[in-house]
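Numbering (this note's numbering), first residue to last: 373 to 574. Think of the CB as a built atom: it goes at the ideal place given N, C-alpha and C, for glycine as much as any other residue.
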Ligand SMILES: C[S@@+](CC[C@H](N)C(=O)[O-])C[C@H]1O[C@@H](n2cnc3c(N)ncnc32)[C@H](O)[C@@H]1O
């Protein structure tokens, strides 16, 4: 993922914060809701944006590490969702260097609307890193955007199969693959659609 993407989100942040935070988590997570943890769990939300999902998950009793490299989004999230169950971290894929060894062992790692910004080489590195962060039996949920990029925030199309193959090579077994429309009207109108993937760490 490039500095251009980070710069694009930084520049667009003033117009994105209210829009991202207003998305209905129940509607968005519908394709995978039954695969979310029911017992209190350790969750990492990578590319957490404004912390909308982190706050929802924390309200359900989970302990959430919200990783967000764009300062304007991270700071907005800390203001909008001052929940002690959320720990904010400034780091980015594919290395996630700020998540040290003692941060490993998440029950769930999620990437919502992030994967499309990586090229295939970065996806290969990232899936290895993500697999290392997940405890045996833990899950990885990612939503993979298809369709045109938003201005200033480039995307790399790739194939879903490439991600599934990379996950399999890193002890991540596919539990679900489901297509979904965008929940944002502006993106639906632009031809954006999604594939939701859920993997379980062997
Ligand atoms: C489409 S937004 C989705 C935000 C949030 N997950 C949501 O659903 O509202 C993509 C997010 O990925 C973040 N991001 C960009 N580059 C990243 C990177 N290299 N590593 C992790 N997150 C990144 C952006 O800053 C932004 O918050």
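For residue 570, the three-state secondary structure derived from DSSP is strand.
The residues 429, 434, 436, 480, in chain order, have a CB closer than 6 Å to that of residue 415 in the same chain once the five nearest residues on each side in sequence are set aside. Taking 8 Å as the cut-off, the Cβ atoms of residue 548 and residue 554 do not count as close. Among the bridge pairs identified by DSSP, residue 516 is matched with 567.
As for any beta strand (DSSP E) of minimum length 3 sitting wholly inside the stretch 398-424, the runs are 414-418, ordered along the chain. Under the Cβ criterion (8 Å, minimum of three pairs), the stretch 500-511 does not count as touching the stretch 524-537.
If the five residues before and after residue 449 are omitted, its C-beta is found closer than 6 Å to the C-beta atoms of 422, 423, all from its own chain and listed in chain order. Here residue 380 is buried: its Cβ has 16 or more other Cβ atoms, across all protein chains shown, within 10 Å. Excluding sequence positions up to five before and after residue 395, its CB lies within less than 8 Å of the CB of 424, 555, 556, all in the same chain and listed in chain order. Boundaries for residue 484: no alpha helix (DSSP H) harbours it, while the beta strand (DSSP E) harbouring it runs 478-484, taken from the DSSP string.
In terms of side-chain proximity, the C-beta atom of residue 572 is found no nearer than 7 Å to any non-hydrogen atom of ligand 1.
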